[in-house]
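The number in the numbering used here is simply the position in the sequence shown, starting from 1, with 162 added.
For every residue, glycine included, the Cβ atom is placed at its ideal position computed from N, Cα and C.
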Amino acid sequence: VNEIEEKKDDDVPKQNQNNFSDLVVLNSKEKPLSVSKTLGKYDDNDDGKMDHFEFVDHHTDEVENKGIAGIFDRFLDDDPQMRGQRLWVMFSLSLILVAAMNAYAMIREPSTVSMGDIVEYNNEVVAVEGIITSWVEDPYGSGDNRIDIIIEDQTGVVELRWYRYGEIPPLGTYVRAIGDVIEYDGRIWLQALGAGAVTWGEDDVPAIYPVTISEVARDPQNFSEGALTLYGYLSKSIDPEASFSALYIGDHPNYANSDHQLRMVIHSAPNQWLESGQKVEVTGILEYEPRELRWTLHVQGPEVRTIGSHQIPIALLDWSNKDTWSYSANSLVEISGTLVEGWSLVGSNQDSICIIPASPFNQSFIDQNLNQIITFQGRLLWSVAQNEWCIDGSSDSRSTAGVVAVGDAVDLWGMISADHLSVLGDMEKTYTVMAYSKYSITPFGTSITLVDAPEYSQDWTSISASFPGSNTWIEAGQLLILNLTIGWDDANARINLNILDFVIEGNPPEPQIIYWEDGATSWSYERNNIVQISGEITSEDGQYYLLREGSEQRIRITPVLDAIGLNENYENYTLTWQGRLSQYDDNQNMAQSFSLDAADVVDVDGNGIPDELEA
163 VNEIEEKKDD DVPKQNQNNF SDLVVLNSKE KPLSVSKTLG KYDDNDDGKM DHFEFVDHHT
223 DEVENKGIAG IFDRFLDDDP QMRGQRLWVM FSLSLILVAA MNAYAMIREP STVSMGDIVE
283 YNNEVVAVEG IITSWVEDPY GSGDNRIDII IEDQTGVVEL RWYRYGEIPP LGTYVRAIGD
343 VIEYDGRIWL QALGAGAVTW GEDDVPAIYP VTISEVARDP QNFSEGALTL YGYLSKSIDP
403 EASFSALYIG DHPNYANSDH QLRMVIHSAP NQWLESGQKV EVTGILEYEP RELRWTLHVQ
463 GPEVRTIGSH QIPIALLDWS NKDTWSYSAN SLVEISGTLV EGWSLVGSNQ DSICIIPASP
523 FNQSFIDQNL NQIITFQGRL LWSVAQNEWC IDGSSDSRST AGVVAVGDAV DLWGMISADH
583 LSVLGDMEKT YTVMAYSKYS ITPFGTSITL VDAPEYSQDW TSISASFPGS NTWIEAGQLL
643 ILNLTIGWDD ANARINLNIL DFVIEGNPPE PQIIYWEDGA TSWSYERNNI VQISGEITSE
703 DGQYYLLREG SEQRIRITPV LDAIGLNENY ENYTLTWQGR LSQYDDNQNM AQSFSLDAAD
763 VVDVDGNGIP DELEA
């Protein structure tokens, strides 16, 4: 009995020990949770383990209703038949996670920083806001889908290298650009990818109104606040692939006749030939260059728009001035010469130039026109292979390149330039030509100088002629149709044209505007021409003078009868007067002075009111 009691006493601590390990206290205020009872609840087969199916049996309703237990069921199930469903759940969760991360990336706004502080954000994504002042597409010509944009704010300037770029806003647009701050080798820039890197609104695009070069010349500072659009003529030809070009834009296609010229820099490829003397419309930013002490218009190649209604001037090459051909390099030119073997033209001085036709001449053309005078047109290029100038008729499909005329179809100027000896060999032959008067001819004058262009250019051809005269003025640049023969002037040892009769064709040229600051030497080139000049009319001892505003400079003026400018209502006004400029001897001052004859104020509509005073 004692032994039995001792065994019972030994079992008590063991039982207490098992009861203690079976109790799990989750909260001291709650009833302890028995692991054994919980395991017994799910362990239906009394194997001491709880498997997945036993758990599902007790939560059938939750699993079938797709509750929380249903979700965990997909993850905890180790049945091979359930693995596909479990992968779909994991895939769906991964998609939700990725979408959430993308949404966060889109919603999250990068910090907007000033360009002066951008160096402090190296390797970070930031946003900058400013005005676009310049851009260049594919700056290295390597074919990259890239554009470099210069953006400026009040604190500094930053370069944006934009890959796979989208729409490019006009110059002067206020934009917001987002990109990575990159610093390399002491240089820093923003780098962006995709069309959404640069954004702007409709109100951010500047309002641009066309202005003239003369308006800009009067007050360039007034046009430096934003973008401007102006019309003008280019000073030289630009290659379609040139990514950076510097030239001038003037108010006249001929450099010598321009009253104003503005330096212009093209920062990207225009993707088309821009011709010397071509009329264009450009939009850009006007900036002052302190180093050069001048104003410069910065434009982009695509922002140079050609005016199709304006005829592109074509330079005429002169065999006697071959040294000046380089001035017309890359420009459209025309020359007449004798066709010889080797695709070359030869002039009267035996100089030659190679020609490159748009399509190779066939043999029949060579056989028919060898040693004939032809006129050829194309782009003047220097050939490294042949070490001479060549005219390429295939470089621009838009021009009238190639053979312009052959044999008798060649105009008189081309025949004289190509082979004057053969022309002089037939002095009885009558020619009908179109030419322009080089100078203004007084009534009943019997000598005239004819040229092949209405305005001065370095390549125009001039020749003296004798003619019956006219009872009216023939203005400089006036087009004439003449019947004439070729003669020889023994006194001056030169060819002289004998004009049999002529017809004045078209309207006279527009009056030339002269300025007080041009000086007497410049004015002398306009002697006997119709000109316009601004000034205030005054009278002294019965003689009228045109006085420069704010100065003592003046010229004599002879108004027409009933001149509008003499009306007392227009006294003390500075108006534009038009008349014929002449020179006379000022014996009192032992000098040559100018006079404006048959003058009156400009009144185009003829309503009796000076144009400058009309609203």
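Nonlocal neighbours in the same chain, by C-beta distance under 7 Å from residue i, ignoring five residues either side
i: Gly-786; result: In this structure the chain extends from 163 to 777, so residue 786 is not present and cannot be described.
i: Gly-388; result: Gly-334 and Pro-368
i: Ile-370; result: Ala-389, Leu-390, Thr-391 and Thr-445
i: Lys-398; result: Leu-409 and Ser-438
i: Trp-650; result: Leu-586, Ile-657 and Asn-658
Contact check, residue i vs residue j, beta carbons under 7 Å
i: Ile-106; j: Gly-540; result: No answer is possible for residue 106: the residues shown for the chain start at 163 and end at 777.
i: Asn-531; j: Val-568; result: yes
i: Leu-709; j: Thr-700; result: yes
i: Val-427; j: Thr-391; result: no
i: Arg-742; j: Asp-765; result: no
i: Tyr-395; j: Pro-415; result: yes
i: Val-442; j: Val-466; result: yes
i: Leu-646; j: Ile-625; result: no
i: Ser-276; j: Val-288; result: no
i: Trp-739; j: Gln-715; result: no
i: Trp-435; j: Pro-402; result: yes
i: Ile-447; j: Thr-592; result: no
i: Asp-342; j: Ile-375; result: no
i: Asp-762; j: Ile-717; result: no
i: Arg-338; j: Thr-361; result: yes
i: Glu-329; j: Ser-430; result: no
i: Val-693; j: Ile-676; result: yes
Cβ shell of residue i (< 8 Å), same chain only, five flanking positions each side left out
i: Gly-639; result: Tyr-598, Ser-599, Pro-616, Glu-617, Pro-670 and Pro-671
i: Asp-748; result: Gln-754 and Ser-755
i: Asp-663; result: Pro-630, Leu-644 and Asn-645
i: Glu-590; result: Thr-647
Presumed contact (8 Å Cβ cut-off) between residue i and residue j, rounded CB distance
i: Tyr-336; j: Asp-310; result: That pair is no contact at about 19 Å.
i: Ile-518; j: Leu-507; result: Between Leu-507 and Ile-518 the Cβ distance is about 12 Å, and since that is not below 8 Å, they are no contact.
i: Trp-487; j: Asn-511; result: Contact doesn't hold; Cβ gap of about 13 Å is too wide.
i: Trp-351; j: Val-319; result: Wrong, their Cβ atoms sit about 11 Å apart, outside the cutoff.
i: Thr-623; j: Trp-575; result: 5 Å
i: Glu-314; j: Ile-340; result: The pair is not a contact, with the Cβ atoms about 17 Å apart (cut-off 8 Å).
i: Glu-637; j: Ser-584; result: Actually they do not touch by this definition, with Cβ atoms about 34 Å apart.
Three-way DSSP call (helix, strand, coil) for residue i in this model
i: Leu-659; result: strand
i: Leu-723; result: coil
i: Asn-645; result: strand
i: Met-426; result: strand
i: Lys-484; result: helix
i: Val-275; result: coil
i: Asp-513; result: coil
i: Ala-653; result: coil
i: Gln-131; result: Only positions 163 to 777 of the chain appear in this structure, which leaves residue 131 out of reach.
i: Gly-540; result: strand
i: Tyr-677; result: coil
i: Ile-518; result: strand
i: Val-260; result: helix
i: Ala-761; result: strand
i: Glu-550; result: strand
i: Arg-689; result: coil
i: Met-577; result: helix
i: Asp-172; result: Confidence in Asp-172 is poor, its pLDDT being 48 and thus under 50, which makes the residue's placement unreliable; the coordinate value appears in the next sentence. DSSP places Asp-172 in helix when its eight states are reduced to three.
i: Arg-710; result: coil
i: Val-378; result: helix
i: Met-252; result: helix
i: Ala-408; result: strand
i: Asp-315; result: coil
i: Leu-333; result: coil
Close Cβ partners of residue i (< 6 Å) along its chain, the five nearest in sequence each way excluded
i: Tyr-325; result: Arg-308 and Leu-355
i: Ile-771; result: none
i: Tyr-393; result: Glu-443
Cβ-based burial, residue i [other Cβ within 10 Å; buried from 16]
i: Asn-483; result: exposed
i: Ser-555; result: For clarity, residue 555 is Gly in the given sequence; the question names Ser instead. Answer is buried; the Cβ neighbour count reaches 16.
i: Ile-497; result: buried
i: Arg-323; result: buried
i: Trp-297; result: buried
i: Gly-697; result: buried
i: Leu-478; result: buried
i: Ser-545; result: exposed
i: Ala-627; result: buried
i: Glu-688; result: buried
i: Phe-538; result: buried
i: Asn-284; result: exposed
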